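Report on the structure given below.
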Amino acid sequence: MTENESKPPVHWSERLQVFLAETARPLAIIGSTIGANTATVIVAFSVSGDAAAAAIFVGAVYTGLSALYAAKAWEQSQAGKHAASIEVAKVTAPASGGV
Numbered sequence: 488m489t490e491n492e493s494k495p496p497v498h499w500s501e502r503l504q505v506f507l508a509e510t511a512r513p514l515a516i517i518g519s520t521i522g523a524n525t526a527t528v529i530v531a532f533s534v535s536g537d538a539a540a541a542a543i544f545v546g547a548v549y550t551g552l553s554a555l556y557a558a559k560a561w562e563q564s565q566a567g568k569h570a571a572s573i574e575v576a577k578v579t580a581p582a583s584g585g586v
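Numbering (our numbering), first residue to last: 488 to 586.
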């Protein structure tokens, strides 16, 4: 189909399907994150019964979690740098034309 041709109208069920496909993953991530955070706080208070001990537990859990996220972010940045250096090497390498 060329750009000048008109596109047929899209049925509402197809639009709904695309919308659900686009929003399902982010909503699942947000929902599971809220559930995990709530469960961590509830477990901390129900196990210890003391607010200070529960706060220490929650702080330790989230400190470990933030360390994991920081390590993953560092890993991704290093992988990006490596991929960029490979692309630069491909562009700057002389063409081997076979002599």
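By construction, the Cβ of each residue, glycine as well, lies at the ideal position given by its N, Cα and C atoms.
The structure presented is a predicted model; accordingly, all values stated were derived computationally and were not measured.
Determine the DSSP secondary structure at A560, reduced to helix, strand or coil.
The residue given as residue 560 occupies position 73 in the sequence shown. In the structure shown, A560 sits in a helix (DSSP, three-state: H, G or I).
Would you identify the three-state DSSP class for G518, choosing helix, strand or coil?
In the sequence shown, counting from the first residue as 1, residue 518 sits at position 31. Residue state, collapsed to three classes: helix.
Do you know how far the Cα of E501 is from the Cα of A515?
Taking the sequence shown and counting its residues from 1, one reaches residue 515 at position 28. Taking the sequence shown and counting its residues from 1, one reaches residue 501 at position 14. Between A515 and E501, the C-alpha separation is close to 21 Å.
Straight-line Cα distance separating A580 from S519
Here the question's residue 519 lines up with position 32 in the sequence shown. Here the question's residue 580 lines up with position 93 in the sequence shown. One C-alpha to the other measures close to 47 Å.
Which term fits A540, buried or exposed, when burial requires 16 or more other beta carbons within 10 angstroms of its beta carbon?
Here residue 540 refers to the residue found at position 53 of the sequence shown. Exposed, by the Cβ-count rule.
For a quick check, are the C-beta atoms of V528 and V545 less than 7 Å apart?
Counted from its first residue, the sequence shown places residue 528 at position 41. Counted from its first residue, the sequence shown places residue 545 at position 58. Against a cut-off of 7 Å, the Cβ pair of V545 and V528 comes out as a contact.
Where G551 falls: helix, strand or coil (DSSP):
What you label residue 551 is simply residue 64 of the sequence shown in a count that begins at 1. Three-state DSSP puts G551 in a helix.
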